[in-house]
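**Student:** Have a look at the structure that comes next, please.
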Amino acid sequence: MRKLWQRLPKLSRKGKTVRNITFVLLTALLLPAVLGWPALTQDGALAKMQGKYLLSPSEILYRTRRGDTQGYLLQGEGWVAAGQVQKYDNTSRPLERDVPLITQILSREEPGVLVIPAQDKDGATVLAAFGGPEEAVQAELTLEVAAVEPYRGITHEKVEDESFTVQCQREENGYYFFRLLPHDHQEKQCCVLDAVWRQPLPIGDEFAGNHYTVIWEDAQGQELSRMTGEIPENLNLRDFW
Numbered sequence: 006m007r008k009l010w011q012r013l014p015k016l017s018r019k020g021k022t023v024r025n026i027t028f029v030l031l032t033a034l035l036l037p038a039v040l041g042w043p044a045l046t047q048d049g050a051l052a053k054m055q056g057k058y059l060l061s062p063s064e065i066l067y068r069t070r071r072g073d074t075q076g077y078l079l080q081g082e083g084w085v086a087a088g089q090v091q092k093y094d095n096t097s098r099p100l101e102r103d104v105p106l107i108t109q110i111l112s113r114e115e116p117g118v119l120v121i122p123a124q125d126k127d128g129a130t131v132l133a134a135f136g137g138p139e140e141a142v143q144a145e146l147t148l149e150v151a152a153v154e155p156y157r158g159i160t161h162e163k164v165e166d167e168s169f170t171v172q173c174q175r176e177e178n179g180y181y182f183f184r185l186l187p188h189d190h191q192e193k194q195c196c197v198l199d200a201v202w203r204q205p206l207p208i209g210d211e212f213a214g215n216h217y218t219v220i221w222e223d224a225q226g227q228e229l230s231r232m233t234g235e236i237p238e239n240l241n242l243r244d245f246w
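In the numbering used here, the protein residues as written are 6 to 246.
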């Protein structure tokens with residue numbers, strides 16, 4: 006082996022420079038492959054995870070962002086889903102910090118309501134409704150939020166069940182996006198929406214099972230139909246490191 010090595014032609018200084026640059030470039034290309042080819046954006050991280058769970062390619066219909074967490078409403082072939090991507094420090098895979106999560110998936114064949122699992126920039130909780138009558142141009146949502154405990158370690162605050170009613174116009178894509186804003190309470194009492202977002206569990210866990218009513222209306226505000234149901238359970242589909 007040593008004799009064979011000695012027979013190899015000696016590289017000039019320029020040749021060694023080219024060899025070293027080539028080595029660096031190849032290493033830069035192979036390193037991401039070893040670490041799992043991380044997505045470059047939060048949108049990409051969520052799309053990558055959809056393939057893992059055999060979901061068809063989707064369209065982003067709505068998004069929210071607060072801090073390092075971004076929430077999504079996604080529409081695929083025959084399905085609608087709510088999800089989020091949150092940024093974490095990851096020492097084991099430093100190039101992959103965006104962790105995607107899908108909380109709820111519903112069929113597009115029937116009307117439904119989902120909670121987008123990330124507040125918007127104003128601190129609002131956003132619910133998406135779909136499947137109303139074609140002639141509807143606006144809708145009213147009433148949501149009952151119950152059985153939320155104060156955040157651990159905060160013993161001086163009281164959290165009571167609350168009902169929220171909001172209206173919105175129909176979007177061009179046929180969806181309705183209702184924004185529920187937390188409000189001030191008397192001393193030593195916390196708004197139930199604030200309590201929900203303080204929980205350590207994924208947001209779908211706290212809203213799941215809560216009752217809602219959607220009233221679909223025409224341009225004059227006359228009721229066309231109504232839908233009642235419960236917020237679907239949190240599927241908690243994650244792309245673990």
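Glycine included, every Cβ here is placed at the ideal spot set by N, Cα and C.
1. Any C-beta of chain C sitting closer than 7 Å to the C-beta of Tyr77?
2. By a C-beta neighbour count over all protein chains shown, 10 Å radius and 16 as the cutoff for buried, is Ser61 buried or exposed?
3. Just the Cα atoms here: how many angstroms apart are Gln172 and Val90?
4. Would you decide whether Asp189 is buried or exposed? Buried here means 16 or more other CB atoms lie within 10 Å of its CB.
5. Whose CA, out of Thr218, Asp103, Asn239 and Glu162, lies closest to the CA of Ser230?
6. Quick check on Ser168: buried or exposed, where buried means 16 or more other Cβ atoms within 10 Å of its Cβ?
7. DSSP on Lys92, reduced to helix/strand/coil?
8. For Ala50, does the count of other Cβ atoms within 10 angstroms reach 16, so buried, or fall short, so exposed?
9. Cutting at 7 Å between CB atoms, please list the residues of its own chain near Ile110, excluding the five before and the five after it.
10. Do Glu211 and Val153 have their CB atoms nearer than 7 Å?
11. Do the CB positions of Val164 and Asn215 come within less than 7 Å of each other?
**Tutor:** A quick look at the data gives this:
1. No chain C is part of this structure, which consists of one protein chain only.
2. On the sequence shown, position 56 is the one that residue 61 refers to. Its Cβ having fewer than 16 others within 10 Å, Ser61 is exposed.
3. Here residue 172 corresponds to residue number 167 of the sequence shown, with the count starting at 1. Here residue 90 corresponds to residue number 85 of the sequence shown, with the count starting at 1. Between Gln172 and Val90, the C-alpha separation is close to 27 Å.
4. Here residue 189 is taken as the residue at index 184 of the sequence shown, counted from 1. So Asp189 counts as exposed.
5. Start at 1 with the first residue of the sequence shown, and residue 230 comes out as number 225. Out of Thr218, Asp103, Asn239 and Glu162, Thr218 has the C-alpha closest to the C-alpha of Ser230.
6. Translated into positions along the sequence shown, residue 168 becomes position 163. Per the 10 Å Cβ criterion, exposed.
7. In the sequence shown, counting from the first residue as 1, residue 92 sits at position 87. The answer is strand: DSSP assigns Lys92 an E or B state.
8. Stepping through the sequence shown from its first residue, residue 50 is reached at position 45. So Ala50 ends up on the buried side.
9. Locating residue 110 in the sequence shown gives position 105, counting from the first residue. If the five residues before and after Ile110 are omitted, its C-beta is found closer than 7 Å to the C-beta atoms of Trp84, Ala86 and Leu240, all from its own chain and listed in chain order.
10. Stepping through the sequence shown from its first residue, residue 211 is reached at position 206. Stepping through the sequence shown from its first residue, residue 153 is reached at position 148. It is a contact, given that the beta carbons lie within the stated cut-off.
11. To locate residue 164, count along the sequence shown from 1; it is residue 159. To locate residue 215, count along the sequence shown from 1; it is residue 210. Not a contact, by the Cβ cut-off of 7 Å.
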